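Okay, so here's the structure we're looking at.
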Amino acid sequence: MNNAEVVKILQDIADLLELKGENVFKVRAYQKAARSIEFLSEDVEKLVRENRLREVPGIGEAIEKKITELINTGKLEYYEKLKAEFPEGIGSLLEIPGIGPRTALILTRELGITSVDELEKAIEDGRVARLPRMGEKTAQNILHQLRLLRKKKSEQRVPLGIALPVAESLVEAMRDIPGLKNLTPAGSLRRFRDTIGDIDLIGTADNPEEAIEAFVRLPQVKEILEKGSTKASLIITENFQVDLRLVDHDSFGSALQYATGSKQHNIELRKRAERMGLSLSEYGITNLATGQLEKYATEEAFYRRQGLSYIPPEIREGQHEIELAEKNALPDLVEISDIKGDLHIHTDWSDGRDSLETMIKAALDKGYQYIAISDHSGGLAIAHGLNTERLQQQIQKIREINHLFPDIQIMTAAEVDIRVNGTLDLPDEILAQLDVVLASIHSAMNQSEEQMTQRVIKAIENPHVDIICHPTARLLGEREPIALNIEAVFKAAVENRKALEISAMPQRLDLKDTHIFQAREMGVKLVINTDAHSREQLDCMRFGVGIARRGWCEPGDILNTLPLKEFKKFLNRPSD
DNA sequence: GCCGTTTTCGGCCCGACTGTTTTCAGTCG
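Numbering-wise (our numbering), the first sequence opens with residue 523 and increments by one.
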């Protein structure tokens, strides 16, 4: 049983307890435990084996016992009994926005509804509207949400790389609203989570009510979900939900912090503040002794008032960041300006759109000191992969033109296919001539975990290979990661002094944040690459850096922050 | 159910919006 399965069951238990009308804090305890495990960089199974579950924040005696039973027997009696108390399918009602546990319970108790379809019927024939505290409007809202949910079921969470540009263009569109300032994407976007549920915008205004009015009249707005004097929720044409929240200018720091979250981070922060006699809100910090509200225009000042150093948004996940901020011991996270080169770039020699020269110039514009041209190998026929002969020609060409670009070193490379048996699909003789060899899985993705792990490790052990690309081969929303014993792969990478890629490609972001965290702790060297197939895609580097920051990476953990000479030392090839 | 720089018991983050109420419950983030 993997972590995700344990998370799902803990969340289910929380939902069911909520339906049951259990103590809300008990419900929250299960939710917290679920979240803790979601962000765990180790396998729960391993923690159970080593009797270390209690080290995880939010897991006490009772939940420890339940998880242990789950891991050891594959089942949990408590969960099965709880499920049996409710008609199957009631959980599906909770997924509808606007339906919480109280409403779900009333719907099943009073009308016997246990599925979304039954609910739809009951609304249509007026039974829902006649329930106590319901009414026609509430019923219609639920019906609307229900249909919306059905429509977008398949595209629920959107990759960061798609959502962020939409958010940024929205901010741009709102630039001319009078009196509106500081408009910033917050929430999971600002924390650089790999997928995004909705777009949170935070800003300040001379007159919030007027700014909200102007906001909802934007041409991009398809539908208004709610609108008050300081916040509005709406659906825009790209089908994203956007939440806008406005405060006074001098409360911007606390409001941005509040809207950035995560929920868990904010809860920890507020609990800690209360012990200090302070109460936090989006408006500022209230001194509980005097009742005085202190406002903060910057997040830095807001954290400082609480005796904390500034905590970067990417690591505000309620792990150990507050503890470390207290001691001024947070990591010095890698930044986009630290990146000195991009080692995974395609050209029109294989399946890239742009020419070699175009990609080089684009990399120069980024101020890179070096790049590696890594077109596909022949195995990927669909990508016009290069066979030995054409790769030989490309090597020759790159050697010829290198001197035309004195400010950047163009390294020869290839993205070589790892075949089913772990061998590579280009011969050693040509690999030996390349500056950098990248190896990737592009086929036979349904191998067993054991086969796949051996396959990847064999590639790592190949003396010519430098980097394993997008190690789990996941495609967000399209393809699950391959079955891989990730810890074994990390171990092999350390032992063979090989690097693993953090793919900045928005659909990939692979390794993902928790893997990066674990890899870094184990001493694996990482590189952040864009896998660009066109010059614009070189811009995706920021997503890779964001994910690396979520894995608590400092520049020293990322090989392509090194200057050329140092980087070449890692490659361990005769330097020129 | 978890947790402890007042606590092994008694707390547990804070506020906006909506719809149905005439002062508030439910939901959400």
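For every residue, glycine included, the Cβ atom is placed at its ideal position computed from N, Cα and C. Quick caveat, the model's predicted, so the values are computed rather than measured.
Three-state secondary structure assigned by DSSP to residue i
{"i": "residue 805", "result": "coil"}
{"i": "residue 1037", "result": "helix"}
{"i": "residue 986", "result": "coil"}
{"i": "residue 1085", "result": "coil"}
{"i": "residue 594", "result": "helix"}
{"i": "residue 818", "result": "coil"}
{"i": "residue 1000", "result": "coil"}
{"i": "residue 1030", "result": "coil"}
{"i": "residue 876", "result": "coil"}
{"i": "residue 958", "result": "strand"}
{"i": "residue 890", "result": "coil"}
{"i": "residue 1054", "result": "strand"}
{"i": "residue 898", "result": "strand"}
{"i": "residue 699", "result": "coil"}
{"i": "residue 812", "result": "coil"}
{"i": "residue 800", "result": "strand"}
{"i": "residue 718", "result": "strand"}
{"i": "residue 833", "result": "coil"}
{"i": "residue 1080", "result": "strand"}
Test item: CB-CB of residue i and residue j under 8 Å
{"i": "residue 733", "j": "residue 757", "result": "no"}
{"i": "residue 1005", "j": "residue 974", "result": "yes"}
{"i": "residue 987", "j": "residue 1014", "result": "no"}
{"i": "residue 707", "j": "residue 768", "result": "no"}
{"i": "residue 649", "j": "residue 633", "result": "yes"}
{"i": "residue 575", "j": "residue 528", "result": "no"}
{"i": "residue 766", "j": "residue 753", "result": "yes"}
{"i": "residue 1035", "j": "residue 1008", "result": "no"}
{"i": "residue 933", "j": "residue 958", "result": "yes"}
{"i": "residue 840", "j": "residue 790", "result": "yes"}
{"i": "residue 540", "j": "residue 619", "result": "no"}
{"i": "residue 1049", "j": "residue 1081", "result": "yes"}
{"i": "residue 1010", "j": "residue 979", "result": "yes"}
{"i": "residue 856", "j": "residue 1067", "result": "yes"}
{"i": "residue 636", "j": "residue 861", "result": "no"}
{"i": "residue 836", "j": "residue 1071", "result": "yes"}
{"i": "residue 894", "j": "residue 867", "result": "yes"}
For residue j and residue i, believed in contact at Cβ under 8 Å, the rounded distance
{"i": "residue 865", "j": "residue 844", "result": "At roughly 36 Å, the Cβ-Cβ gap does not stay under 8 Å, so residue 865 and residue 844 are not in contact."}
{"i": "residue 716", "j": "residue 670", "result": "About 24 Å; that fails the 8 Å criterion."}
{"i": "residue 908", "j": "residue 935", "result": "Going by Cβ atoms, the distance from residue 908 to residue 935 rounds to 11 Å, so no, they are not a contact pair."}
{"i": "residue 721", "j": "residue 679", "result": "12 Å between Cβ atoms; not a contact."}
{"i": "residue 627", "j": "residue 538", "result": "Not quite, the Cβ-Cβ distance comes to about 11 Å (not below 8 Å), so this is no contact."}
{"i": "residue 783", "j": "residue 713", "result": "7 Å"}
{"i": "residue 1057", "j": "residue 820", "result": "That belief does not hold up - the Cβ atoms of residue 1057 and residue 820 are roughly 36 Å apart, past 8 Å."}
First through last residue of the beta strand (DSSP E) which encompasses residue i
{"i": "residue 707", "result": "702-707"}
{"i": "residue 653", "result": "No beta strand (DSSP E) contains residue 653, which DSSP labels as neither H nor E."}
{"i": "residue 748", "result": "743-749"}
{"i": "residue 1051", "result": "1047-1051"}
{"i": "residue 565", "result": "Per DSSP, residue 565 belongs to no beta strand (DSSP E) and is neither H nor E."}
{"i": "residue 931", "result": "931-939"}
{"i": "residue 726", "result": "721-727"}
{"i": "residue 1021", "result": "1021-1025"}
{"i": "residue 942", "result": "From DSSP, residue 942 is part of no beta strand (DSSP E); its letter is neither H nor E."}
{"i": "residue 763", "result": "763-769"}
Limits of the alpha helix (DSSP H) - the one that residue i falls within
{"i": "residue 1014", "result": "1008-1017"}
{"i": "residue 577", "result": "That residue, residue 577, is in no alpha helix (DSSP H); it is neither H nor E in DSSP."}
{"i": "residue 787", "result": "785-797"}
{"i": "residue 685", "result": "682-695"}
{"i": "residue 865", "result": "First-last for residue 865: 863-867, but that is the beta strand (DSSP E), not the alpha helix (DSSP H)."}
{"i": "residue 613", "result": "612-616"}
{"i": "residue 639", "result": "638-646"}
{"i": "residue 756", "result": "Careful: residue 756 lies outside any alpha helix (DSSP H), inside the beta strand (DSSP E) at 753-758."}
{"i": "residue 534", "result": "525-541"}
{"i": "residue 913", "result": "910-923"}
{"i": "residue 625", "result": "623-633"}
{"i": "residue 600", "result": "599-606"}
{"i": "residue 950", "result": "950-953"}
{"i": "residue 994", "result": "No alpha helix (DSSP H) contains residue 994, which DSSP labels as neither H nor E."}
{"i": "residue 734", "result": "730-738"}
Practice prompt. Check whether the region 738-746 touches the region 810-819, taking contact to mean three or more Cβ pairs, one atom from each stretch, closer than 8 Å.
Written response: Result no; under three Cβ-Cβ pairs closer than 8 Å.
Discussion item. Is it the case that the region 1018-1027 contacts the region 986-993, given that we only count it when at least three CB pairs across the two stretches are under 8 Å?
Written reply: Short answer: they touch.
Fill in: Contact the region 963-971 vs the region 927-942: 3+ CB pairs below 8 Å
Result yes; three or more Cβ-Cβ pairs closer than 8 Å.
Worksheet entry | Any 3 or more C-beta pairs closer than 8 Å across the region 1076-1090 and the region 871-886 | No contact exists between the region 1076-1090 and the region 871-886.
Worksheet item: If you pair each beta-carbon of the region 605-613 with each one of the region 534-551, do three or more pairs fall below 8 Å?
Response: Segments in contact, yes.
Worksheet item: Are three or more beta carbon pairs between the region 885-904 and the region 837-856 nearer than 8 Å?
Response: The answer is no - the region 837-856 does not touch the region 885-904, with fewer than three Cβ pairs under 8 Å.
Practice prompt. Taking 8 Å as the threshold, find out whether the region 687-705 comes into contact with the region 1043-1054 through three or more Cβ pairs.
Written response: Contact between the region 687-705 and the region 1043-1054 is absent, with fewer than three C-beta pairs closer than 8 Å.
Worksheet item: Per the contact definition of three or more C-beta pairs closer than 8 Å, is the region 629-648 in contact with the region 559-578?
Response: In short, these stretches do not touch, since the Cβ pair count stays below three.
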